[in-house]
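Residue numbers (this note's numbering), protein chains in the order written: chain A, 38 to 342; chain B, 1376 to 1620.
Quick reminder that beta carbons are idealized off the backbone N, C-alpha and C, glycines included.
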Amino acid sequence: MFSTIKIIATGEFRSLLRQKTFSLLLTVFLFMSVFSAYIGLSTKTTINNVYNETVKQMVAAGVKNIPTNPFLNAKPLAILNNMVVYILVIGALLGIVVGYSAFIRERKAGVFKILFSKPISKYEFILGKMAGTLLTMALVVAVSFVISLVSTSVVSSHILSLSDTVRLLLFYAFSLGYIFVFSMIGLFFAAYSRSESLALLAPVVVWILISFAIPQLNSAVGPTALLNPTSSQAKLPQSQFFTTVRAIVHPFSISEDFKSVGRSLLQGDISSYPVLSLLMYLTATTGGCFYIMKKYDVCAPESDT
Amino acid sequence: MEKNNKAIIDVRSVTKKYNDVTALDDLSLQVFQGEIFGFLGHNGAGKTTTVNILTTLLAPTSGTASICGYDIAKDSLEVRKNIGYLPENVRFYENLTAFENLEFFAKLSGIKKPAEKIKEVLGFLDFQGFEHKKLGEFSKGMLQRIGIAQAIVDDPQVLFLDEPTSGLDPMGIKNLRDVIIRLNQEKEMTVFMNTHLLMEVSKTCTAIGVLNHGRLIYRDSLENTLKRFKDEVSLEDIYLNIGST
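And the structure:
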């Protein structure tokens, strides 16, 4: 069983790496990783310049109590805050494309009949697709992790401590989980929909709902703060209506949870880790997709006589 | 290859319905080891549905069937280990080379050393030198060869061919016919071939079955058929004679 899953997963992995759409999104994603560090470096330079200029003026004015450089108090990983947003947007789209491509490939190629005349079960096929998708996304995230690790060390002018490295690793592990959820959604629609364009459009609509609509309902008062990696400072309304709406939609607000986990990990603020809800979402999505695909005969050939 | 009395394909009272349309109606059929069985019928007679059911791609509405003693419903994976299948209008992953496609399917068939086996099969088919070309560049005849290669890469006992000569030029048809006969004689494969080309049946098959509106209306060896309908000028006349009865 495992060897068949491995064969399908490896085939999927190799095929995705040759796909143009995937290569384009991967390039954008990795560029964003570098860009995030550049923004961090730019921020550091600006703050240092402003600080040095201010210190000069304060010294010239005879001020003796010079405040310390605020950049020195920032956590080294905080310069990667923008990665939270990039993963929220580009990462999720990349996940959808990878998941969609995984199932649409066989349909486009028209190889289902040959494939299922071989001794493989539908379980092995679906698990192989999931494993291939996960493997591909893991590679993307691993490369992004290395870029972030190197760039953060360069920007902060010293090698990251072990705890920061572990925190960065955890951040990317959760990012992988988040992207994988969207891969499963893409995979599910590609398997279910008869139309290729609908198969791609439907998960994008779900992505918009999950990433933008539901969090707006959840936060109610801070919709514009959604894409801000730092939490909204506005206090949420406490009326019964808002409390009820939040209670209903919060379990579906994965992007908010991801943002919260990401921010916590990068800024060293361990006050909130909604890990459980993220894991629950991941399990429910993967399990749900697997169950529905098992029930639905995705592999049956056309009813030609 | 001489046939023996062991039914390698055993179909019993199989019915397949697509909503209100009955594609197969109480089909019972036996194909014996070593036969090259030509399954004749007009378009829409139910030939492809029969092959889809026998290759475990489609579940029958009722009835049972077994291949090499394995039930198609209960032991579908065992059935698949013993069959090769070339669908009509065979298609592959076009962004992969011929070798990569064959390697993928060979691995799925459980071949431990796929490269060696692929070389052997392509040698048997006299089709070497194209392995590392992408299949998007292949002609219909070349694709058909790769289709045969993927079907026989694990030396199956039964080979299912669905309209294998469809779209081939005369040379391609002759080559394919030679390959089918050699597979039967040299590799002892039982061949089940859907076709509506009577010329092919007369030159390739050892037994025929005729399907009409989902019902098997005739089944015998080619030799007996030609004896029985000795007054008919051609196999086409025989087919029309059977079809009209």
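If we cut at 9 Å on Cβ distances, does residue i have a partner in chain A?
i	result
residue 1490/B	no
residue 1522/B	yes
residue 1458/B	yes
residue 1539/B	no
residue 1535/B	yes
residue 1382/B	no
residue 1545/B	no
residue 1598/B	no
If you draw a straight line from the alpha carbon of residue i to that of residue j, how long is it in whole angstroms?
i	j	result
residue 173/A	residue 53/A	8 Å
residue 1570/B	residue 1522/B	17 Å
residue 1593/B	residue 1617/B	7 Å
residue 1447/B	residue 204/A	53 Å
residue 46/A	residue 1491/B	23 Å
residue 1418/B	residue 1390/B	18 Å
residue 1532/B	residue 1589/B	26 Å
residue 264/A	residue 293/A	With a pLDDT of 49 at residue 264/A, under the threshold of 50, the modelled position of this residue cannot be trusted, and the question is left open.
residue 48/A	residue 1612/B	50 Å
residue 1530/B	residue 1480/B	13 Å
residue 227/A	residue 85/A	50 Å
residue 1527/B	residue 1438/B	28 Å
residue 322/A	residue 141/A	19 Å
residue 1561/B	residue 1500/B	12 Å
residue 165/A	residue 1574/B	44 Å
residue 1402/B	residue 1519/B	29 Å
residue 105/A	residue 250/A	42 Å
residue 1510/B	residue 1475/B	10 Å
residue 235/A	residue 247/A	18 Å
residue 195/A	residue 159/A	50 Å
residue 70/A	residue 237/A	25 Å
residue 262/A	residue 252/A	Caution applies to residue 262/A, whose pLDDT of 46 falls short of 50 and renders its modelled position unreliable; the value that the coordinates give is listed next. Rounded to whole angstroms, residue 262/A to residue 252/A spans 10 Å at the Cα level.
residue 127/A	residue 143/A	25 Å
residue 1598/B	residue 1414/B	15 Å
residue 1586/B	residue 1579/B	19 Å
residue 42/A	residue 1546/B	40 Å
residue 1614/B	residue 40/A	48 Å
Give the residues of chain B in contact with residue i, contact being defined as C-beta atoms less than 7 Å apart.
i	result
residue 148/A	1466, 1467 and 1468
residue 141/A	The contacting residues do not exist; residue 141/A stays about 12 Å from chain B at best.
As a quick exercise: from the options, pick the residue whose alpha carbon is nearest that of residue i.
i	options	result
residue 114/A	300/A, 320/A, 318/A and 316/A	300/A
residue 1482/B	1525/B, 1460/B and 1518/B	1525/B
residue 1568/B	1461/B, 1428/B and 1498/B	1461/B
residue 206/A	218/A, 187/A and 194/A	187/A
residue 1453/B	1464/B, 1441/B and 1566/B	1441/B
residue 1449/B	1429/B, 1487/B, 1466/B and 1459/B	1429/B
residue 1425/B	1498/B, 1536/B and 1518/B	1536/B
residue 55/A	216/A, 223/A, 252/A and 139/A	139/A
residue 1384/B	1539/B, 1495/B and 1566/B	1566/B
residue 241/A	137/A, 42/A, 184/A and 179/A	137/A
residue 1458/B	1484/B, 1410/B and 1474/B	1484/B
residue 1507/B	1494/B, 1516/B and 1615/B	1494/B
residue 216/A	286/A, 69/A and 319/A	319/A
residue 317/A	304/A, 287/A, 119/A and 244/A	287/A
residue 62/A	123/A, 111/A, 118/A and 108/A	123/A
residue 331/A	281/A, 243/A, 239/A and 161/A	161/A
Taking C-beta pairs closer than 9 Å, name the residues in chain B that residue i reaches, listed in chain order.
i	result
residue 55/A	1470 and 1471
residue 8/A	Here chain A covers residues 38 to 342 and nothing more, so residue 8/A does not appear.
Does any residue of chain B have a CB that is nearer than 9 Å to the CB of residue i?
i	result
residue 156/A	yes
residue 152/A	yes
residue 48/A	yes
residue 52/A	yes
With a threshold of 8 Å, establish whether the CB of residue i neighbours any heavy atom of the ligand NAP.
i	result
residue 42/A	The ligand NAP is absent from the structure shown, which contains no ligands of any kind.
Could you name the residues of chain A that residue i contacts, counting a contact when the two beta carbons are closer than 8 Å?
i	result
residue 1479/B	44 and 48
Mind listing the chain A neighbours of residue i? Cutoff is C-beta to C-beta under 7 Å, in chain order.
i	result
residue 1525/B	151
Check your understanding: When the Cβ atoms of the region 74-90 of chain A are set against those of the region 195-204 of chain A, are three or more pairs found closer than 8 Å?
Key -> no
Check your understanding: Name the residues in the region 1425-1454 of chain B whose C-beta lies less than 7 Å from a C-beta of chain D; which are they?
Key -> This model lacks chain D altogether, as its protein chains are A and B.
Review point. Can we say the region 1460-1478 of chain B touches the region 145-158 of chain A, given the rule of at least three CB pairs closer than 8 Å?
Key: yes
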